[in-house]
Amino acid sequence: MNSSLRYVQGYPEHIVSQIEQLVSSNKLIPWFESRYRENHVIKSEKALFDYTMAIKNRYMKKTAPLSKVVYDNKIHIINNALGLHTYVRKVHGSKIKSKNEIRIASLFKNAPEPLLRMLVVHELAHIKEKNHDKAFYQLCCHMEPDYHQLELDARMFMIYQELKDN
Numbered sequence: 001m002n003s004s005l006r007y008v009q010g011y012p013e014h015i016v017s018q019i020e021q022l023v024s025s026n027k028l029i030p031w032f033e034s035r036y037r038e039n040h041v042i043k044s045e046k047a048l049f050d051y052t053m054a055i056k057n058r059y060m061k062k063t064a065p066l067s068k069v070v071y072d073n074k075i076h077i078i079n080n081a082l083g084l085h086t087y088v089r090k091v092h093g094s095k096i097k098s099k100n101e102i103r104i105a106s107l108f109k110n111a112p113e114p115l116l117r118m119l120v121v122h123e124l125a126h127i128k129e130k131n132h133d134k135a136f137y138q139l140c141c142h143m144e145p146d147y148h149q150l151e152l153d154a155r156m157f158m159i160y161q162e163l164k165d166n
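Start counting the sequence shown at 1; every next residue gets the next number (UniProt numbering).
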């Protein structure tokens with residue numbers, strides 16, 4: 001198996017074989033570029049925070065506040081993840097302060113906007129649902145109806161990036 005296909009491990013064999021065929025016939029790059037013609041313009045961390053808060057305020061107004069949303073260039077390498085949600089509790093005297101933070105892999109700083117949105121939705125869903133269970137995915141699909149397709153496309157984006165870099 002092509003090493004770039006590790007991003008789609010766990011998907012059904014018929015999907016993996018279709019992607020493998022695109023890769024081996026050198027058609028994945030043109031396919032991806034025709035599907036996603038341009039990348040988002042959300043480059044700064046302030047813009048990423050504002051973008052995330054707009055989604056949170058639309059779908060999850062009553063959840064815990066977010067203290068930080070950043071691009072992180074260590075995520076992909078260390079955790080083999082696309083994004084992370086962290087919840088930090090600190091005791092200050094008799095008060096407990098909690099912070100929710102979202103980190104998005106820096107690779108997605110130059111990605112199509114729907115893929116960034118899918119990652120933000122995924123990490124926002126973790127504020128309410130900690131596990132990847134039915135309730136979690138229902139919330140993701142509530143915020144982004146094409147969530148499952150975009151999740152696969154985000155993995156194909158990583159394959160696309162690897163192929164372009166070689």
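Don't be surprised by glycine CBs; every beta carbon is placed ideally from N, CA and C.
For clarity, every value in this text was computed on a predicted model and none was experimentally measured.
Taking 7 Å as the limit between beta carbons, can you name the residues of its chain near residue i, skipping five residues before and five after?
i	result
I78	Low local confidence applies: a pLDDT of 43 at I78 is under 50, so the model's placement there is unreliable, with the coordinate-based value given in what follows. Nothing meets the Cβ criterion.
D153	L115
C140	V121, H122, A125 and Y147
E144	R117, M118, V121 and L150
N73	S106
E33	none
Which residue from the options puts its Cα closest to that of residue i?
i	options	result
K68	P145, E151, E13 and V120	V120
F108	E151, S24 and T63	E151
M156	W31, S25, E13 and R103	W31
A105	A64, K128 and R117	R117
K46	G10, Y71 and K56	Y71
D146	H126, Y11 and H122	H122
N110	I55, Q138 and R37	R37
N166	G10, N26, S94 and Y11	N26
Tell me whether residue i, by its Cβ, gets closer than 6 Å to a heavy atom of the ligand HEM.
i	result
Y147	As far as ligands go, the structure on display features none, and thus does not contain the ligand HEM.
Excluding the 5 residues flanking residue i on each side, which residues of the same chain have their C-beta closer than 6 Å to its C-beta?
i	result
E113	H40
F49	V69
L66	N100
E162	S4
K56	L124
F136	A125 and E129
Y51	I42
Under 8 Å by Cβ, that's how I've got residue i and residue j pegged, so tell me the actual separation to the nearest angstrom.
i	j	result
I29	K164	6 Å
I159	S24	At roughly 12 Å, the Cβ-Cβ gap does not stay under 8 Å, so I159 and S24 are not in contact.
Considering only residues of the same chain and omitting the five flanking positions on each side of residue i, which have a CB-CB separation below 8 Å?
i	result
H142	Y59
V8	I15, V16, I19, L152, R155, M156 and I159
L22	L28 and W31
Cβ of residue i within 7 Å of Cβ of residue j?
i	j	result
R35	I75	no
T63	K128	yes
For a minimum of 4 consecutive residues, which ranges assigned as the alpha helix (DSSP H) are wholly contained in the segment 20-83? 28-35, 45-59 and 75-79
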